[in-house]
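Notes follow the structure.
There are 2 protein chains.
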Amino acid sequence: MRLTQFSDFALRTVMFLGAHPTRLVPITEVAVAYGISYHHLTKVASMLADAGVIEAVRGRNGGLRLAMTPTDINIGWLVRRTEPDMALVECFEHETDTCPITSECRLRKALKDALRAFFAVLDAHTVSDLLGSPSRQEKLVQLWRATA
Amino acid sequence: MRLTQFSDFALRTVMFLGAHPTRLVPITEVAVAYGISYHHLTKVASMLADAGVIEAVRGRNGGLRLAMTPTDINIGWLVRRTEPDMALVECFEHETDTCPITSECRLRKALKDALRAFFAVLDAHTVSDLLGSPSRQEKLVQLWRATA
Numbered sequence: 001m002r003l004t005q006f007s008d009f010a011l012r013t014v015m016f017l018g019a020h021p022t023r024l025v026p027i028t029e030v031a032v033a034y035g036i037s038y039h040h041l042t043k044v045a046s047m048l049a050d051a052g053v054i055e056a057v058r059g060r061n062g063g064l065r066l067a068m069t070p071t072d073i074n075i076g077w078l079v080r081r082t083e084p085d086m087a088l089v090e091c092f093e094h095e096t097d098t099c100p101i102t103s104e105c106r107l108r109k110a111l112k113d114a115l116r117a118f119f120a121v122l123d124a125h126t127v128s129d130l131l132g133s134p135s136r137q138e139k140l141v142q143l144w145r146a147t148a
Numbered sequence: 001m002r003l004t005q006f007s008d009f010a011l012r013t014v015m016f017l018g019a020h021p022t023r024l025v026p027i028t029e030v031a032v033a034y035g036i037s038y039h040h041l042t043k044v045a046s047m048l049a050d051a052g053v054i055e056a057v058r059g060r061n062g063g064l065r066l067a068m069t070p071t072d073i074n075i076g077w078l079v080r081r082t083e084p085d086m087a088l089v090e091c092f093e094h095e096t097d098t099c100p101i102t103s104e105c106r107l108r109k110a111l112k113d114a115l116r117a118f119f120a121v122l123d124a125h126t127v128s129d130l131l132g133s134p135s136r137q138e139k140l141v142q143l144w145r146a147t148a
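From first to last, the protein sequence lines are chains D and Z. Sequential numbering from 1 applies to the first sequence in the working numbering. Sequential numbering from 1 applies to the second sequence in the working numbering.
Printed below as a string of C-alpha cells:
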C-alpha cells in the first residue's frame, strides 16, 4: 500500500512553499532542495494550481507560491485530490465490481472503516501544523539548503 | 491507494474456506465462486500455506482448508503478510530515502499515524467476525453458489 509519487511530491511542494511565504519559488528550487524530478514537479504544480492550492506566476521572475494560507490546506483533503484512486479493493467501485458477495460482505465494511480511520488522522492536520513554529520552519529551510 | 490484488484474493480465499469448514475445497471452486483467476489463486494459496493459514492437500480428492481457526486469523496481521510494501511514501524506508528533511518532518509522522489508525481497525477483526453467524455464512454460500 503506497501513496503515488504524485501525492508525495504535492505534499512536499506545499510544505516547501509554506516555509517560504515571502517570495515566488522557482520549480527548480523545489526540485533541487528535495533532489527530485523537475519534470514530475511541473505536473504536480500544474495540478495544485488547478486546485487553487498554489499560484504559478510565469516569466523570468516567476515561480510558485501558496494561494491558500497554510492553516487552510488540510492534508486529508489534499491527499484525496492527488490520489487517483482510493479504491482499496475491487468492491469499492460499483461500476467494475464483480464480487458476488459484496452486498453481504463485512470485509468490505472493515476495509472502509480502516480507510476512514486513515483519513481521520490526515484530516486533523494542516500544512500549518506540519510546518510548526517559525523556528522549526527555519530548521527545515536549513536542511533544504544543505542539499541544494 | 490500493491493496494489491494478491491481498484481495487472499482475504477472499480465507473467507471462502472459513465458510466451508467441513471439507477440502478445490482451488477451482474458489476461482469460479468469485469469478477470478485460477492462476493467481494458486500463488495466493501457496503463500497462505507457507504462512500456516491454510493447508493444501494434494491429489485427486485434495483441496484447501483453513489450518487455523477463523477466530485466530486476524485481518490486520494477514494484510501485513500479503502486502509487499507498506511504505506509504519514500521516507518510510530508511535504505532508499533521500528526502533531506526526514529527521524533522511532521508530515512523515502524520502519515505513520494514519497508517497505524488504518491497521488498528483491521487488527480489531478476525475472519470469524467477518463471517458472522452460521445463518450469515449460509447466505454467503448461497451468493457464491449463484455465481458458480
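Don't be surprised by glycine CBs; every beta carbon is placed ideally from N, CA and C.
Tell whether a beta-carbon distance below 8 Å holds between residue i and residue j.
i	j	result
residue 31 of chain Z	residue 45 of chain Z	no
residue 14 of chain D	residue 63 of chain D	no
residue 146 of chain Z	residue 100 of chain D	yes
residue 123 of chain Z	residue 74 of chain Z	yes
residue 143 of chain D	residue 104 of chain Z	yes
residue 54 of chain Z	residue 42 of chain Z	no
residue 79 of chain Z	residue 7 of chain Z	yes
residue 130 of chain D	residue 106 of chain Z	yes
Return the Cβ separation of residue i and residue j in integer angstroms, given the expectation that the two are a contact with Cβ distance under 8 Å.
i	j	result
residue 91 of chain Z	residue 97 of chain Z	5 Å
residue 16 of chain Z	residue 40 of chain Z	Actually they do not touch by this definition, with Cβ atoms about 14 Å apart.
residue 132 of chain D	residue 66 of chain D	That belief does not hold up - the Cβ atoms of residue 132 of chain D and residue 66 of chain D are roughly 16 Å apart, past 8 Å.
residue 71 of chain D	residue 135 of chain D	18 Å between Cβ atoms; not a contact.
residue 1 of chain D	residue 1 of chain Z	6 Å
In terms of residue numbering, what span does the beta strand (DSSP E) encompassing residue i cover?
i	result
residue 64 of chain Z	63-66
residue 83 of chain D	Premise fails: residue 83 of chain D is in no beta strand (DSSP E) and is neither H nor E.
residue 57 of chain D	54-57
In angstroms with no decimal places, state the Cα-to-Cα distance between residue i and residue j.
i	j	result
residue 126 of chain Z	residue 120 of chain Z	12 Å
residue 82 of chain Z	residue 111 of chain D	15 Å
residue 29 of chain D	residue 93 of chain Z	25 Å
residue 108 of chain D	residue 4 of chain D	23 Å
residue 21 of chain Z	residue 87 of chain D	30 Å
residue 51 of chain D	residue 60 of chain D	24 Å
residue 35 of chain Z	residue 115 of chain Z	31 Å
residue 77 of chain D	residue 33 of chain D	25 Å
residue 141 of chain Z	residue 95 of chain Z	46 Å
residue 174 of chain Z	residue 23 of chain Z	The first residue shown for chain Z is 1 and the last is 148, placing residue 174 of chain Z beyond what the model contains.
residue 38 of chain Z	residue 137 of chain Z	23 Å
Would you mind reading off the limits of the alpha helix (DSSP H) that contains residue i?
i	result
residue 45 of chain D	38-50
residue 27 of chain D	27-34
residue 134 of chain Z	134-147
residue 121 of chain D	106-123
residue 10 of chain Z	5-18
residue 128 of chain Z	127-131
Return the residue from the list the options that minimises the CA-CA distance to residue i.
i	options	result
residue 139 of chain Z	D/102, D/130, D/138 and D/139	D/102
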